[in-house]
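In this text, residue positions in the sequence shown follow the numbering used here: the first is 375, and each later residue adds one.
A virtual CB, placed ideally from N, CA and C, is assigned to each residue, including glycine.
None of these values were measured; they are calculated from a predicted model.
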Amino acid sequence: MTLNIEDFVDIPTAEIFNPDEFKAVRNVTIDSRKVKKGSLFIAIKGKRFDGHSFVRSAVKNGVTVLLINRKKINEFDDIDLPIITVKNTTKALGEIAKLWRKKLSAKIIGITGSNGKTSTKDMLAALLNEKYKVNKTESNNNNHIGVPLTILATNEKHDVLVAELGTNHFGEIEYSAKILQPDIALITNIGDSHLEYLKNRKGVLKEKIALFDETRNNKGKIFINYDDPLLKNLYDKFNNCTTYGFKNNVEVKGKILNYTDDGRPVIEIKHRNKKIKNTLPSYGEQSANNYLAAVSIALNLGLTKEQIKRGTENISITDGRLNVKHHNNFLLIDDTYNASPDSTIAAIELVERIKTYERKVLILGDMFELGKDNIELHRSLSSIIIKSSIDELYTIGSGMKALHVKLINKRIITKHFRTRKSLQKFISNYNLQNTVILVKGSRGMRMEEFANTILSKTKS
């Protein structure tokens with residue numbers, strides 16, 4: 375697969391310098407360190423770096439074609455290479471990804487949702503790898519830059535692309551979905567995420583549904599989580615749907631048979647004349663939800679019961695997402711990548727289910743982007759904690775302080791820390807013997823530093 379000079383002619387605002395020197399482009403990058411023969415380097419201006427500062431590095435590394443902002447052309451008039459100028463290089467990246475998408479024969483799967491989209495993406499890729507050559511979104515590279523780069527990293531060798539789409543502002547899913555043009559789409563759930571900008575769950579649904587709209591436009595197939603009340607209502611609005619869930623009359627039906635002592639679900643899935651039973655390598659009820667979603671698509675793409683079983687055994691847990699780490703005398707649940715009310719409740723429920731350790735401890739940091747209901751949504755966690763067998767709660771952040779105050783004089787031991795230093799010191803001296811300990815908070819709280827402090831105690 376290549377991009378030729380004819381492909382670039384119709385890109386809005388594009389002007390090509392040195393066209394006679396143009397050679398076919400085989401890959402596209404925004405990182406000058408990843409330039410190789412046949413590369414197009416696109417200079418993107420980000421929050422921290424301006425790609426135009428690395429144009430000469432890209433040239434030194436052997437770039438074939440450059441794409442820059444039209445205002446920068448005079449800075450590089452000494453470079454004897456084909457240069458494409460545009461008004462906005464970020465939008466041009468999206469346009470180029472659209473061109474590349476049209477050349478792909480791979481089946482394109484788009485996944486979004488308030489919680490679990492990364493885990494579902496990783497699970498699905500692990501399953502599909504048993505039958506197909508699969509590419510997937512790396513890490514959570516799921517925004518207006520990450521989605522185009524994911525498409526551009528897919529080529530004629532791939533049978534399937536599993537792409538994750540993220541958002542925190544209206545219009546972002548629509549933008550990414552129009553580039554992705556999915557053949558298959560799934561929304562994991564609608565929860566209280568990014569409410570600072572999306573306002574409420576109806577706003578979240580309005581943003582996420584753009585993925586379904588674009589899939590319908592592409593005559594693709596839509597997978598509906600029938601256990602989610604907002605998603606369930608979409609069934610009559612879209613054709614070519616498959617339903618899945620645990621609670622209702624659905625096409626792909628899941629049942630959690632039980633949990634292992636360390637909290638891993640044993641799940642049974644029924645679809646037509648197939649019955650699949652597996653113990654998951656991942657943890658908690660949310661993991662079972664993600665797995666059911668992944669299996670629903672895998673079955674649709676023709677995987678056998680045996681392929682799904684092998685793929686399940688190859689599922690790996692992404693760092694910071696309900697990543698359970700066993701040690702001789704304690705168990706750490708590192709769920710520090712991000713936090714919303716729903717995902718925090720799911721993590722607390724996992725702690726509750728683990729029976730192999732006597733003491734149960736939470737270290738919680740603030741959940742971000744919750745809008746006007748921020749304090750109340752933090753306080754609302756108190757009800758599940760009071761009903762649970764959680765023994766101790768340690769908090770940091772203004773939102774979690776409200777939760778701490780709500781739990782004062784309850785049976786649980788609770789302490790709030792005003793500074794990161796004081797919490798670090800407390801953790802360093804904490805006795806982990808016979809304890810399961812959850813560390814969770816939004817990305818900006820950098821809770822992984824506290825998880826790392828816990829882990830470092832095992833090495834001392």
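Review point. Unbroken beta strand (DSSP E) runs of length 3 or more, entirely within the region 416-497: which are they?
Key: Correct list: 439-443, 457-460 and 481-486.
Exercise for review: Quick one: give me the first and last residue of the alpha helix (DSSP H) that G577 is part of.
Suggested key: Residues R575 to K582.
**Study point:** Best match in M821, T710, G658 and V460 for proximity to V383 [C-alpha to C-alpha]
**Key:** Nearest option by C-alpha distance: V460.
**Study point:** Top-ranked residue by Cα proximity to L724, from G540, F450, V813 and S796
**Key:** L724 has its Cα closest to that of V813, out of G540, F450, V813 and S796.
Exercise for review: Kindly indicate the opening and closing residues of the beta strand (DSSP E) around G628.
Suggested key: Per DSSP, G628 belongs to the beta strand (DSSP E) from V626 to Y633.
Review point. Ends of the alpha helix (DSSP H) at I379?
Key: Its alpha helix (DSSP H) spans residues I379 to V383.
Point to revise | Exposure of R475, with buried meaning 16 or more beta-carbon neighbours within 10 Å | key: With a 10 Å radius around the Cβ and a threshold of 16 neighbouring Cβ atoms, R475 comes out buried.
Check your understanding: Would the region 699-706 and the region 802-809 be scored as touching if the rule is three or more Cβ pairs under 8 Å?
Key -> With a cut-off of 8 Å, the region 802-809 and the region 699-706 count as touching, because enough Cβ pairs lie within range.
**Study point:** Given A713 as reference, the closest of E687, N688, R733 and L744 once Cα atoms are compared
**Key:** Distances from the CA of A713 to each of E687, N688, R733 and L744 were compared; the closest alpha carbon is that of L744.
Point to revise | Element boundaries [alpha helix (DSSP H), containing P522] | key: Per DSSP, P522 belongs to the alpha helix (DSSP H) from G520 to L526.
Practice item. Label L560 either buried or exposed according to how many other C-beta atoms from any shown protein chain fall within 10 Å of its C-beta, with 16 as the threshold for buried. Key: Classification for L560: buried.
Check your understanding: Nearest to R684 by alpha carbon, out of A499, N448, H532 and I379?
Key -> Per the Cα distances, A499.
Exercise for review: Using only alpha-carbon positions, find the residue among N632, N563, G594 and I630 that is nearest to P603.
Suggested key: Cα-wise, what sits closest to P603 is N563.
Review point. Pick from A432, N622 and I728: whose alpha carbon is nearest that of S762?
Key: Nearest option by C-alpha distance: I728.
Review point. For D557, is the beta carbon positioned less than 6 Å from some heavy atom of the ligand SAM?
Key: The ligand SAM is absent from the structure shown, which contains no ligands of any kind.
Exercise for review: Could you give the DSSP three-state label for K644: helix, strand or coil?
Suggested key: In the structure shown, K644 sits in a strand (DSSP, three-state: E or B).
Review point. Do you know offhand how far S479's Cα is from F544's?
Key: If you take the alpha carbons of S479 and F544, they lie about 30 Å apart.
Review point. In angstroms, rounded to a whole number, what distance separates the CA positions of F396 and H532?
Key: Counting only the Cα atoms, H532 lies some 27 Å from F396.
**Study point:** Helix, strand or coil at L767 [DSSP, three-state]
**Key:** Correct three-state label for L767: strand.
Exercise for review: Measure the C-alpha to C-alpha separation of Y609 and H645 and round it to an integer number of angstroms.
Suggested key: Distance between the alpha carbons of Y609 and H645: 18 Å.
Check your understanding: DSSP state of E504, grouped into three classes?
Key -> Coil.
Exercise for review: Below 8 Å CB to CB, which residues in the same chain sit around K621 once its five sequence neighbours on both sides are set aside?
Suggested key: Within the same chain, and ignoring the five residues on either side of K621 in sequence, the residues whose Cβ sits closer than 8 Å to its Cβ are Y600 and D601.
Check your understanding: What are the boundary residues of the alpha helix (DSSP H) that H778 is part of?
Key -> Segment S772 to L781, the alpha helix (DSSP H) holding H778.
Check your understanding: Expressed to the nearest angstrom, what Euclidean distance is found between the alpha-carbon atoms of I828 and Y633?
Key -> Our two residues, I828 and Y633, have alpha carbons roughly 26 Å apart in a direct line.
Review point. Smallest Cα separation from N401: which of V429, N462, V779 and L440?
Key: Of the candidates V429, N462, V779 and L440, the residue whose Cα lies closest to the Cα of N401 is L440.
Review point. Between the C-alpha atoms of N591 and L585, what's the straight-line distance to the nearest angstrom?
Key: Each residue's alpha carbon lies about 10 Å from the other.
Check your understanding: So, are the CB atoms of L539 and T486 less than 7 Å apart?
Key -> Yes, the pair counts as a contact, with Cβ atoms nearer than the cut-off.
Exercise for review: Specify, as a first and last residue, the run of the alpha helix (DSSP H) that V813 falls within.
Suggested key: For V813, no alpha helix (DSSP H) encloses it; the enclosing beta strand (DSSP E) starts and ends at T809 to K814.
Review point. Would you call D693 buried or exposed, if buried means 16 or more other Cβ atoms sit within 10 Å of its Cβ?
Key: Burial call: exposed.
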